[in-house]
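A short write-up of the structure that comes next.
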Amino acid sequence: MLSGLKIVHHEEIDHDQGENHIREQLNYLKKSEARIILLYSTSSLVRKIFQVANESGLLSEQYLWIGTQSVRGSMNTVSQPIQHGMLTINFHTVSNAMFPPADDVLPLVIGLAPKIFGLALAKMNLNESVSLASTSTCEADGEVMWNMGEQIYEKMQSSFVKGNPYHSKDGYDSFFYQFNEDGTLKDSVLTISNLRQKRERGVRGESYFWDKVGEFTNGELRMADIEWPGGRANPPQGTADKFHINVVTLHEPPFIIVSDLDADTGRCPGNQGSICDWGDEQIVNSESGAVTNRTIMKCCTGYCVDLLNKLASDIGFTYTLYKVRDEKWGLKTEYGWNGLIQDLINNKADMCVTSLKLNSERARDIDFSIPFLETGISIIVKIRSGVLSPTAFLEPFEYSTWFSVLILSIQGAAWSIFIFEWVSPHSFNRQKYPPPGHKFSLCRAYWLVWATLFSASVSTDIPRSTVSRFMSLVWAAFGLTFLAVYTANLAAFMITRVQYYDLSGVHDEKIQYAAQQTPPFRFGTVEGGNTHETMKRNWHSMNRYVQTNKFFTPNVSAGVEAVRQEKLDAFIYDAVVLDYMAGKDSNCALMTVGKWASMTGYGIGFPKNSPHVQRVNQLMLQYQQKGDLERLQNFWLTGACVPDSHSQNHSAPLGIENFMSAFFLLIGGLIMGILCLGLEYVYVTHLRRRLQKIDPNGWCGIISMAMGKSINFSEAVGRVQEWKERNMSLAPSPTLNTTIQRFKQQMEELDASRLHPLHIREPDEQSDDREVREITGDGAARTPSPSGYRSAYPYRMETLC
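1 is the number of the first residue of the sequence shown in full-length UniProt numbering; add one for each residue after it.
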């Protein structure tokens, strides 16, 4: 920076390479921000430069050319091509003139040089013994120093000589030749010339002449009126009002989001975003069959579009945004670069704005801005709905606790209650039948214990003895405590737990040894992207696994969709993009896991030596300091889904899949009921006769009253008759006697109405003679008919009894 001027672009032109080289270099200059061009060349070569510059539009009124003295030369008049209104800065010297003008400074300077040298020697106070001869020879190797030379240079640097290059003209006598520390003059006398147009009558064509319009000396600039390019009264601006650039991009939310244009207005919906060229499509004429190409225009929005619009506003440029035609991020192959990087290298694009990651290989062939966002490589997985285990209802207690309750406690309580009831004199009194009017057995004791334990609203038989009842109350207290503790713990275990692959990063064993997992772990990435390139360069086994199984996807959206549909178990890609995809998922069924790997950043790409890099970097730093980048990040990158990565508990309404344990329990009970029904049929048809032989006295009745009755039905009928007579003796009344007589009569009528009377036969397989007792309704025994048979209506008799 010097007096408000800054060099923004530099070009060196080799005229020996021909006119095409000059045109190429000047095109680079035209693309830069510079509008004031300082030219250093010779008067003979400058005409070639001006000829090409005129064809490129660089001699227009939007530019100002400032040449050195060698550009002007010794000619006072010039002709086209040259810029009308350009300036030159001149020293008053003409080295090739035979008779220099009076104001030529060169003879004066040559005359003053020995004076400076003499003043330096005088300051050194040299005597006759000091020799000023040089110690350098032509045979010397390496660097040779003249011992006295440095001292003389220092003395000359501090000396000054008074002199006036224009003493004969204007009488100046205050000019001093003094030097800076680097040996340059502290002050110079420069003249500024302006190229003006001659306006003479009768002269055809345009002719121009150099006119002195200013002078610079003693740090002061004196200027007269200047005829600026194009004949304007004001100079052109230092930078262009607007310049146009081509910007290449590639779709990747949230940085570049692509949508259709409004069908009515042909613009972006709500005028939010920029219209972008999204490729070509072929249209076939239905009548002529002619094929024409049509450019597809889309609406581009997103983080990078907002950043690009802000840069365009602050720098002052317009742009055309287009999608790279091969839809590749940029991978270097044996044939060179492809994708975005190829367009930058070939100067098809002036800038690349998307989620382009910085890496060393790309930086060798293109330029990057400073990163506008940090990123890395991360992994996205699917959150599977938490499904409770079918045995979730057993989880509140350990299996040892369930064993203690179901096997020990229930058995002990049921047997205790029954034994106390059996030995009690008020109940069984150690008999095989309970007293009349009392129904109790071991099976009924189990029924009481189970019903009390789970507070089932079913009818139960109560024991008669005091100790059995006390034991029943103790068991009820135990059941209440058990049920309360179980219910309290069950609520905690019924919370659904989300399931996902909790990977630690790309170095997790599931990824490093994916093929060895059961089943194999499936992961992929985008083919041809920076993540793929990093995988090829650093993680060879991962790259081979993905290539072998063809787990590559064309873009990140396809990869995330594959994870959502469980075609892939995990997807590896840029961390910022995956965080955005997980945050915007409609069902919040995705999440990123693991630490970021291969940390880098997103930057704006430019062709090598682009003039825009420095200006963009300056603005990027300002945006960071002002918080503009953070505001863009909060707006575009923040999603609604923010899963808690530290917990897998998830509170949500339970679906039917989370309540399957209760249904399994119900189905299990139904199956057990069917099995019991089958066992009952097996008992009636096959096991009852055998059990009659084993237990002729009916002791099975203490285990199950129904079983005892089915084995020894004749005794059951006798006991019913005995109970009836006992009731008659305890509470005699005409009404009761009438009821009993009517009941006897009904029993006799029932037996008479059947084809065969009701019999209970006790078969003896060893003898042809069978002893059969016939039981009638009044309880008397008589000799049966010769065709003795077993009763066909045992259950009907039991019901009537």
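Note that the Cβ used here is the ideal one computed from N, Cα and C, for glycine as well. A quick note: this is a predicted structure, and the numbers were derived from the prediction, not measured.
Asked: Find the nearest neighbour of ASP225 within the set LEU87, THR638, LEU261, judged by alpha-carbon distance.; Found: LEU87
Asked: In whole angstroms, what separates the C-alpha of ASN609 from that of ASP264?; Found: 43 Å
Asked: Cα-Cα, which of VAL560, ALA597, TYR602 is closest to ALA582?; Found: VAL560
Asked: Starting from SER259, trace the alpha helix (DSSP H) in both directions and tell me its first and last residue.; Found: No alpha helix (DSSP H) holds SER259; the beta strand (DSSP E) holding it covers 257-259.
Asked: Quick check on PRO425: buried or exposed, where buried means 16 or more other Cβ atoms within 10 Å of its Cβ?; Found: exposed
Asked: Decide if ALA477 is buried, meaning its Cβ has at least 16 other Cβ atoms within 10 Å, or exposed.; Found: exposed
Asked: LYS595 to GLY528, Cα distance in whole Å?; Found: 23 Å
Asked: Considering only the beta carbon of each residue, do TYR446 and ALA484 sit closer than 7 Å?; Found: no
Asked: Considering only the alpha carbon of each residue, which of VAL593, SER661, HIS686 lies closest to LYS510?; Found: VAL593
Asked: If we require 4 or more residues per run, which alpha helix (DSSP H) segments fall completely within the region 531-609?; Found: 540-549, 556-564, 575-583
Asked: For a test of the three-state rule: what should DSSP assign to TRP337, helix, strand or coil?; Found: strand
Asked: If you draw a straight line from the alpha carbon of residue 803 to that of MET223, how long is it in whole angstroms?; Found: Missing from the structure shown is residue 803; the chain here goes from 1 to 801 and no further.
Asked: If you drop the 5 nearest sequence neighbours on each side, which residues of the same chain put their C-beta closer than 7 Å to that of VAL405?; Found: PHE482
Asked: Sorry if obvious, but does the Cβ on SER389 come closer than 6 Å to a heavy atom of the ligand SAM?; Found: In terms of ligand content, the structure shown is empty, and the ligand SAM therefore cannot be addressed.
Asked: In the structure shown, what three-state DSSP assignment does GLU281 receive?; Found: strand
Asked: Tell me where the beta strand (DSSP E) around VAL381 begins and ends.; Found: 373-382
Asked: In whole angstroms, what is the alpha-carbon distance linking ASP170 and GLU55?; Found: Note that ASP170 has pLDDT 49, beneath the 50 cutoff, so the model's placement of it is unreliable and the number below is only indicative. Each residue's Cα considered, the two are about 44 Å apart.
Asked: From PHE521, SER598, SER504, pick the residue whose C-alpha is nearest to that of LYS536; which is it?; Found: SER598
Asked: What whole-angstrom Cβ distance do TYR500 and ILE383 have, given they're in contact under 8 Å?; Found: 5 Å
Asked: Sorted by chain position, which residues of the same chain lie with C-beta nearer than 6 Å to THR68's C-beta, five sequence neighbours on each side aside?; Found: TYR40
Asked: Beta-carbon within less than 6 Å of ALA451's beta-carbon, same chain only, minus the 5 sequence neighbours each way: which residues are those?; Found: VAL458, THR460
Asked: Say whether the region 265-277 touches the region 349-360, bearing in mind that this needs 3 or more beta-carbon pairs closer than 8 Å, one atom from each stretch.; Found: no
Asked: Assign HIS10 to buried or exposed, taking buried as 16 or more other Cβ atoms, counted over all protein chains shown, within 10 Å of its Cβ.; Found: exposed
Asked: Please state whether DSSP places LYS186 in a helix, a strand or coil.; Found: coil
Asked: Considering ILE245, what are the terminal residues of the beta strand (DSSP E) in which it resides?; Found: 243-249
Asked: Under DSSP, the alpha helix (DSSP H) around TRP447 begins and ends at which residues?; Found: 442-453
Asked: Please name the residue, chosen from VAL71, MET124, LEU185, ILE245, that lies closest to ILE192 on a Cα-to-Cα basis.; Found: VAL71
Asked: Please go through the same chain and pick out, in chain order, the residues whose beta-carbon is closer than 8 Å to the beta-carbon of ILE296, but skip the five residues on each side of it.; Found: ASP277, TRP278, GLY279, ASP280, GLU281
Asked: Please list, in chain order, all residues of the same chain as TRP329 whose beta carbon is under 7 Å from its beta carbon, the five residues on each side excluded.; Found: LEU250, GLY339, LEU340, GLY528, GLY529, ASN530
Asked: With respect to the beta strand (DSSP E) encompassing ILE36, which residues constitute its N-terminal and C-terminal limits?; Found: 36-39
Asked: Would you tell me roughly how many angstroms separate the C-alpha atoms of TYR319 and GLY85, rounded to the nearest one?; Found: 31 Å
Asked: Quick check on DSSP: helix, strand or coil for GLU215?; Found: strand
Asked: Where do the N-terminal and C-terminal ends of the beta strand (DSSP E) with ASN309 fall, by residue?; Found: Taken as a continuous stretch (DSSP letters only), ASN309 belongs to no beta strand (DSSP E), being part of the alpha helix (DSSP H) at 303-311.
Asked: Can you tell me whether ALA53 is buried or exposed? The criterion is at least 16 other CB atoms within 10 Å of its CB, across all chains shown.; Found: buried
Asked: Find out if the Cβ-Cβ distance for the pair ASP367, VAL616 is shorter than 7 Å.; Found: no
Asked: What three-state label does DSSP hand TYR319 in the structure shown?; Found: strand
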